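J.: After the structure tokens below, expect a handful of questions from me.
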Amino acid sequence: MKADFEPVRDFTKVHNALFTLYTRLPDFKAEHAMLYTYLMARFNPSYGYAFPTSCDIALALNCGINQVTAYKRVLKKYGLIATRRHPTYGNDVYTLRAPIVEEAEFYAAFPDASDYYERRLAQLSARKERPDKADAVEDTGEMAALADWL
Numbered sequence: 000m001k002a003d004f005e006p007v008r009d010f011t012k013v014h015n016a017l018f019t020l021y022t023r024l025p026d027f028k029a030e031h032a033m034l035y036t037y038l039m040a041r042f043n044p045s046y047g048y049a050f051p052t053s054c055d056i057a058l059a060l061n062c063g064i065n066q067v068t069a070y071k072r073v074l075k076k077y078g079l080i081a082t083r084r085h086p087t088y089g090n091d092v093y094t095l096r097a098p099i100v101e102e103a104e105f106y107a108a109f110p111d112a113s114d115y116y117e118r119r120l121a122q123l124s125a126r127k128e129r130p131d132k133a134d135a136v137e138d139t140g141e142m143a144a145l146a147d148w149l
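With numbering that gives the first Met the number 0, you'll find the sequence shown wraps up at 149, consecutive numbering, no jumps.
Here it is as structure tokens:
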């Protein structure tokens, strides 16, 4: 059964590894996954690459040109894209590479990701275990007595 909102046209398929593995890297954020997805959407199979300008990307991602450059740097660092300058038009041409999808292979390639992910998991788990502020202090009447005294 299909979900009512499942797209039938004008959509982009991307590897779930961007969200399940690559976000375990300290400097890989949602914006990097979004840029990769955008480049996948702009990929031209006849040419074998995507070629949006940095301005096109900045407009699509609602960010500045310098931010686009920073996002591209991270995607290159993790082997998700390669770039070269188009000899005639001067814009970047993007060759996309498939992400690593196997967890063991991913951690072998990026050993720091495991430690970072475990630290984040511990932080978020500890936060979940903290009591709500409303539950943290039980009112025993001492606050009222203190207020009366003041």
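For every residue, glycine included, the Cβ atom is placed at its ideal position computed from N, Cα and C. Here the structure is a predicted model, which means the values were calculated and not measured.
To the nearest whole angstrom, what separates the beta carbons of LEU34 and ILE56, a pair I think is in contact under 8 Å?
T.: Position 35 of the sequence shown, counted from the start, is the residue given in the question as residue 34. Position 57 of the sequence shown, counted from the start, is the residue given in the question as residue 56. Contact holds; Cβ gap of about 7 Å.
J.: Look at LEU24 and ASP111 and say whether their C-beta atoms are less than 9 Å apart.
T.: As a first step, residue 24 must be located in the sequence shown, where it is residue number 25. As a first step, residue 111 must be located in the sequence shown, where it is residue number 112. Against a cut-off of 9 Å, the Cβ pair of ASP111 and LEU24 comes out as a contact.
J.: Can you round the beta-carbon distance between LEU38 and ILE99 to whole angstroms, since I take them to be within the 8 Å contact cut?
T.: Counted from its first residue, the sequence shown places residue 38 at position 39. Counted from its first residue, the sequence shown places residue 99 at position 100. So it is not a contact: roughly 17 Å between Cβ atoms.
J.: Can you tell me whether DSSP reads THR82 as helix, strand or coil?
T.: Within the sequence shown, numbered from 1, the residue matching residue 82 stands at position 83. Residue state, collapsed to three classes: strand.
J.: Name the two residues that bound the continuous beta strand (DSSP E) containing LEU24.
T.: Counting from one through the sequence shown, the residue named residue 24 turns up at place 25. Looking at the DSSP string, LEU24 is not in any beta strand (DSSP E), and its letter there is neither H nor E.
J.: To which residues does DSSP link ASP91 through a beta bridge?
T.: Reading the sequence shown from its first residue, position 92 is the one you call residue 91. Paired residue(s): ARG84.
J.: Counting Cβ pairs closer than 8 Å, one from the stretch 11 to 27 and one from the stretch 70 to 85, do we hit at least three?
T.: Short answer: they touch.
J.: For TYR77, which three-state DSSP category applies?
T.: Numbered from its first residue, the sequence shown carries residue 77 at position 78. Coil.
J.: By Cβ distance, which residues of its chain are closer than 6 Å to SER113, with the 5 residues on each side in sequence left out?
T.: Residue 113 sits at position 114 when you count from the first residue of the sequence shown. Only TYR106 meet the Cβ criterion.
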